[in-house]
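Q:
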Amino acid sequence: MSEGKKKSMKVAAWAMMANMPLKLKAEITLKMLLAGSDERKRRELMHSVSERRRLTLPRNQIKWHPSIDQKACKQCKVCLNFCPKGVYSEKADGSIVVANPYECVMLCTGCEGRCPEGAISFPDKKDFQKYVYYV
Ligand code: SF4
Ligand code: SF4
């Protein structure tokens, strides 16, 4: 796996921990530290976290996803290459679009800060925390 993909997986993983009860967050953080740089262990751990994650509505009814300001976007593809979930795609004319909005990990904003043009935005996280809980 490339360094870029590893980094984006890590960001999505931390996003998955948003809204997690403190006790569970501490447990996962400790396990993550113990896993160190062992990618297989880290992936297994995040898989177990995602298994415990629940949404209060079907994902396609929760409007959490990035938006691109097409006037600001310079079509550099940083977001396209960064997102591990395939949310972005490139159109025939070279423009980058949010093609699979509901593949975006709930509460992840990993790509936002990577856009060199500040062209990516998300809704207010506070309004969406209520949709995520853990069992
Ligand atoms: S599109 Fe969503 S899942 Fe992909 S990096 Fe951005 S915030 Fe994370
Ligand atoms: S990172 Fe920003 S400027 Fe580059 S393609 Fe994505 S939205 Fe456009």
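Just so you know, we're using the working numbering here: the sequence shown kicks off at 6 and counts up by one. Ideal Cβ positions, reconstructed from N, Cα and C, are used throughout, including at glycine.
At the level of alpha carbons, what is the spacing between Glu108 and Leu27?
A: For the purposes of this step, residue 108 is identified with residue 103 of the sequence shown, where counting begins at 1. For the purposes of this step, residue 27 is identified with residue 22 of the sequence shown, where counting begins at 1. About 26 Å.
Q: Check the DSSP bridge columns for Arg64 and list the partner residues they point to.
A: As a first step, residue 64 must be located in the sequence shown, where it is residue number 59. Paired residue(s): none; Arg64 is not in a bridge.
Q: Alpha carbon to alpha carbon, how far is Lys82 from Ser72?
A: The residue labelled residue 82 in the question sits at position 77 within the sequence shown. The residue labelled residue 72 in the question sits at position 67 within the sequence shown. Straight-line measurement puts the Cα of Ser72 at about 14 Å from the Cα of Lys82.
Q: Please confirm whether any heavy atom of ligand 2 lies closer than 7 Å to the CB of Cys88.
A: Start at 1 with the first residue of the sequence shown, and residue 88 comes out as number 83. The answer is no for Cys88.
Q: By the DSSP assignment, the beta strand (DSSP E) with Val103 in it spans what residues?
A: Translated into positions along the sequence shown, residue 103 becomes position 98. Its beta strand (DSSP E) spans residues 101 to 103.
Q: Using 8 Å as the threshold, is the C-beta distance between Gly115 and Asn105 below it?
A: Residue numbering aside, residue 115 sits at position 110 when the sequence shown is read from its first letter. Residue numbering aside, residue 105 sits at position 100 when the sequence shown is read from its first letter. Contact flag unset, no.
Q: Please confirm whether any heavy atom of ligand 2 lies closer than 7 Å to the CB of Ile73.
A: Start at 1 with the first residue of the sequence shown, and residue 73 comes out as number 68. Indeed, a heavy atom of ligand 2 lies less than 7 Å from the Cβ.
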